[in-house]
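I have placed the structure first, in the form of structure tokens, so that the comments after it can refer back to it.
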Amino acid sequence: MRMVDLIVKKQEGKELSREEIRFLIEGYTNDTIPDYQMSAFAMAVYFQDMTDQERVEFTMAIAESGDQIDLSEIEGIKVDKHSTGGVGDTTTLVLAPLVASIGVPVAKMSGRGLGHTGGTIDKLESIPGFRVEIAEQTFIDLVNKNKVAVVGQSGDLCPADKKLYALRDVTGTVNSLPLIAGSIMSKKIAAGADAIVLDVKVGAGAFMKSIEDAEELAHAMVAIGNLAGRNTMAIISDMSQPLGFAVGNALEIEEAIETLKGKGPADLEELCLELGAQMVYLGERATSLSEAKELLKVKLHNGEALEKFKEFIAAQDGNPEVVNDYSLMPQAKDKKEVLAEEEGYVAEINADSIGVAAMSLGAGRATKESEIDLAAGLILHKKVGDTVKKGDILVTLFANDKDFSEAEALVHASYQFRKQKNKPTLIHEVIT
Ligand code: URA
Ligand code: CA
Numbered sequence: 000m001r002m003v004d005l006i007v008k009k010q011e012g013k014e015l016s017r018e019e020i021r022f023l024i025e026g027y028t029n030d031t032i033p034d035y036q037m038s039a040f041a042m043a044v045y046f047q048d049m050t051d052q053e054r055v056e057f058t059m060a061i062a063e064s065g066d067q068i069d070l071s072e073i074e075g076i077k078v079d080k081h082s083t084g085g086v087g088d089t090t091t092l093v094l095a096p097l098v099a100s101i102g103v104p105v106a107k108m109s110g111r112g113l114g115h116t117g118g119t120i121d122k123l124e125s126i127p128g129f130r131v132e133i134a135e136q137t138f139i140d141l142v143n144k145n146k147v148a149v150v151g152q153s154g155d156l157c158p159a160d161k162k163l164y165a166l167r168d169v170t171g172t173v174n175s176l177p178l179i180a181g182s183i184m185s186k187k188i189a190a191g192a193d194a195i196v197l198d199v200k201v202g203a204g205a206f207m208k209s210i211e212d213a214e215e216l217a218h219a220m221v222a223i224g225n226l227a228g229r230n231t232m233a234i235i236s237d238m239s240q241p242l243g244f245a246v247g248n249a250l251e252i253e254e255a256i257e258t259l260k261g262k263g264p265a266d267l268e269e270l271c272l273e274l275g276a277q278m279v280y281l282g283e284r285a286t287s288l289s290e291a292k293e294l295l296k297v298k299l300h301n302g303e304a305l306e307k308f309k310e311f312i313a314a315q316d317g318n319p320e321v322v323n324d325y326s327l328m329p330q331a332k333d334k335k336e337v338l339a340e341e342e343g344y345v346a347e348i349n350a351d352s353i354g355v356a357a358m359s360l361g362a363g364r365a366t367k368e369s370e371i372d373l374a375a376g377l378i379l380h381k382k383v384g385d386t387v388k389k390g391d392i393l394v395t396l397f398a399n400d401k402d403f404s405e406a407e408a409l410v411h412a413s414y415q416f417r418k419q420k421n422k423p424t425l426i427h428e429v430i431t
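Residue numbering for the sequence shown is 0 to 431, as defined by numbering that gives the first Met the number 0.
Following this line, the structure appears as structure tokens:
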């Protein structure tokens, strides 16, 4: 087989076979296919797309290009959740104990990564004592015992995706539906998921700016998952503003605990119930999505989800007392209130700019080497649909020895006001 023939075949819009797709992914992973040929191929896919069958073969070839996590010793159906990237997205921290309290095993391996705030494991490190590095067998035993554990990612998952994503980044081929769908789904499959729930975000602060694009991506990923033998569902949710009020690390842990107490932000709770229902249904702990949602509401309001969170924290050596005393977590020395300079109804809060503001305060990593300030971040006091008068507090910023001016300017730039009130739709679509 020759790579140049495969490039031409795709350029002509023809369907590649399983063997051909394996050849190019394996060759690219072990460096026998050079970047320039792979970039020509990516561009051909960009213009010619892939068939459903090609998408599955492509996804599975990437999933099998490196280590794969074996979760078979864990009893039950392992359901994983993936979000295409939100700002202040605290859902994983709420969902893990919440669905575990219904008996769905949550075996979460989470990366640190770059971004506006840390990843889930960085956030959890705000809890004193909490350990994210635990041996694989201990991890499996913990999930079997408590139904939930979260560890830092080890092993080399999907090396083909790492290389290809970096290549796409510099060749104008990031924004290709089959390439995005394959990239995301391969990582979930390599991480050992039996079933997958996807939260595809749409809006100014999201990867997908229009509902049509988000729908297309969601449908493509659901099709790949199901064809690959992993039951998959998706929702399309709104990112015309950050989720909840808190954006940061310790601040989001606090928000997650409030939500587990049944006192969280309405949008965060609603999204968790929707995603949680899909997880419980795919985990076969309910026979319909509506039954699953009712079960979750009970656990959220009778304290069992919160108890599960404490058990999960304690099992990984964290201090479960944080649920009663938030001051046990890192606290920022300095704070600054950003006041409204205009009035009207909040029409939009650009989530991306809010994320950059949080990062400028130290909440996230710009490079792999950057240190995160777990106490840093911000709290939104006004959300879309709220009325604002001049001088009202829009946002409180939290940091240690930082200049607040950049974050303040970003907050002002991210808030859009309007004369008429509008309430955003949080869940645009449920795809089963
Ligand atoms: N996220 C991914 O993991 N891969 C993509 O290609 C795009 C977004
Ligand atoms: Ca939040």
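Don't be surprised by glycine CBs; every beta carbon is placed ideally from N, CA and C. Since the model is a prediction, treat every value here as computed from it, not as a measurement.
Cβ atoms of residue j and residue i: under 9 Å apart, would you say?
i: residue 87; j: residue 50; result: no
i: residue 245; j: residue 377; result: yes
i: residue 270; j: residue 239; result: no
i: residue 428; j: residue 214; result: yes
i: residue 415; j: residue 337; result: no
i: residue 396; j: residue 352; result: no
i: residue 155; j: residue 65; result: yes
i: residue 204; j: residue 350; result: yes
i: residue 181; j: residue 61; result: yes
i: residue 375; j: residue 412; result: no
i: residue 347; j: residue 388; result: no
i: residue 332; j: residue 391; result: no
i: residue 430; j: residue 233; result: yes
i: residue 16; j: residue 56; result: yes
i: residue 300; j: residue 261; result: yes
i: residue 247; j: residue 365; result: no
i: residue 252; j: residue 59; result: no
i: residue 221; j: residue 81; result: no
i: residue 42; j: residue 26; result: no
Who are the Cβ neighbours of residue i in its own chain at under 8 Å, not counting the five residues just before and after it?
i: residue 76; result: 103, 104, 193, 194, 281, 282 and 283
i: residue 384; result: 344, 345, 420, 421, 422 and 423
Given residue i, which residues of its chain have a CB within under 7 Å of its CB, disregarding the five upstream and five downstream residues?
i: residue 298; result: 97, 100, 101 and 304
i: residue 279; result: 98, 101, 103, 285, 291, 294 and 295
i: residue 39; result: 6
i: residue 108; result: 68, 150, 152 and 190
i: residue 158; result: 28, 64 and 65
i: residue 320; result: 327
i: residue 226; result: 51 and 55
i: residue 129; result: 123, 312, 315, 316 and 317
i: residue 216; result: 176, 179, 180, 199 and 207
Which residues does DSSP pair with residue i in a beta bridge?
i: residue 395; result: 336 and 378
i: residue 415; result: 347
i: residue 428; result: 235
i: residue 386; result: 344
i: residue 200; result: 236
i: residue 81; result: 197
i: residue 105; result: 147
i: residue 245; result: 378
i: residue 114; result: 364
i: residue 207; result: 201
i: residue 230; result: 194
i: residue 66; result: 156
Grab me the residues of residue i's own chain with a C-beta within less than 6 Å of its C-beta, minus the 5 sequence neighbours each way, in chain order.
i: residue 256; result: 322
i: residue 250; result: 376
i: residue 230; result: 194 and 281
i: residue 70; result: 77, 106 and 191
Measuring only between beta-carbons, confirm whether residue i sits less than 9 Å from chain B.
i: residue 64; result: Structure shown: chain B not included; a single protein chain is present.
Any heavy atom of ligand 4 closer than 8 Å to the Cβ of residue i?
i: residue 217; result: Only ligand 1 and ligand 2 can be found as ligands here, which leaves ligand 4 out of the picture.
What does the shell around ligand 1 hold, if a residue joins when its beta-carbon is under 5 Å from any heavy atom? 179, 182 and 183
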